[in-house]
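What follows is one structure encoded as structure tokens, with my remarks underneath.
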DNA sequence: CAGGAGATGCGCT
DNA sequence: GCGCATCTCCTGA
């Protein structure tokens, strides 16, 4: 509902909306915005990870101190450290006791551009600022301490907001990036035409692959 | 633009 | 120890 005469403020997503299968949650998250401090990023590329039957998922082999957030309520932030120097961020989408999450792979900075640039001086263009999972967490300043935050809580320092809806015809899907197993599952989704979408690299050997329009 | 190598900490086998 | 849901710098086309 919007007040007459003024645009509706960005609505925060609810836990209930996110308590769905990670593949569905991934499509839902495209176009949504993640806000931390002054910086806000519109999500343009995401990747689904499902517990149980997905060998590429961190929770595939059960609960550990690192992945325990994925076993908690949907809508929370799962941040992990990788390659000895980077952080990656996920939105938890646990449903029916099955752990799952959506990796935030890329986005466009829509607010706090100055701070984002200062955090990523290596970026050669604004489109590159949040191009890739570690860059995205970088511009938002997300680190270990943010692991487990409730993105659906109004008082949270990191919040997930509904943005401009992305039409289904603009959503594209393809294999996941950088993982060594289960690469053939088309659980990566991105907004067609966005310059912030990371270039595809298969885990291990490099080879090009087809992109499919979602229907 | 594509491909290759190095950097670097830690979770898990 | 091994291998990683990566990035940056460098080369060659």
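In UniProt numbering, the protein residues as written are 1 to 215. Here a beta-carbon is modelled for each residue, glycine too, at the ideal position from N, C-alpha and C.
Distance, residue j Cα to residue i Cα
| i | j | result |
| --- | --- | --- |
| residue 75 | residue 26 | 12 Å |
| residue 138 | residue 96 | 32 Å |
| residue 60 | residue 198 | 25 Å |
| residue 207 | residue 30 | Low per-residue confidence applies at residue 207: pLDDT is 35, beneath 50, and the placement is therefore not dependable, though the value from the model is reported in the following sentence. Near 26 Å, if we compare the C-alpha coordinates of residue 30 and residue 207. |
| residue 156 | residue 100 | 21 Å |
| residue 90 | residue 52 | 17 Å |
| residue 111 | residue 16 | 27 Å |
| residue 133 | residue 66 | 18 Å |
| residue 161 | residue 13 | 6 Å |
| residue 215 | residue 166 | Its pLDDT being 35, under 50, residue 215 is placed unreliably by the model, and the measurement read from it follows with that caveat. When rounded, the distance between both Cα atoms is 13 Å. |
| residue 205 | residue 113 | Unreliable positioning characterises residue 205 in this predicted model, as indicated by a pLDDT of 36, which lies under 50. The coordinate reading is nonetheless provided below. Cα to Cα, the separation comes out at about 35 Å. |
Given residue i as reference, the closest of the options once Cα atoms are compared
| i | options | result |
| --- | --- | --- |
| residue 136 | 164, 120, 125 and 145 | 120 |
| residue 87 | 12, 160, 159 and 146 | 146 |
| residue 33 | 71, 122, 148 and 107 | 107 |
| residue 10 | 35, 67 and 131 | 35 |
| residue 54 | 191, 18, 176 and 78 | 176 |
| residue 93 | 24, 117 and 193 | 24 |
| residue 190 | 43, 81, 143 and 38 | 43 |
| residue 78 | 150, 118, 38 and 19 | 150 |
Segment limits, alpha helix (DSSP H) that includes residue i
| i | result |
| --- | --- |
| residue 44 | Residue 44 -> not in any alpha helix (DSSP H); beta strand (DSSP E) instead, spanning 39 to 50. |
| residue 134 | 133 to 140 |
| residue 26 | 22 to 29 |
Strand pairing of residue i, partner residues [DSSP]
| i | result |
| --- | --- |
| residue 150 | 76 |
| residue 188 | 47 and 174 |
| residue 88 | 80 |
Residue i Cβ short of 7 Å to the ligand ZN heavy atom set
| i | result |
| --- | --- |
| residue 26 | Among the components of this structure there are no ligands whatsoever, and the ligand ZN is therefore not found. |
Start and end residues, beta strand (DSSP E) containing residue i
| i | result |
| --- | --- |
| residue 158 | 158 to 161 |
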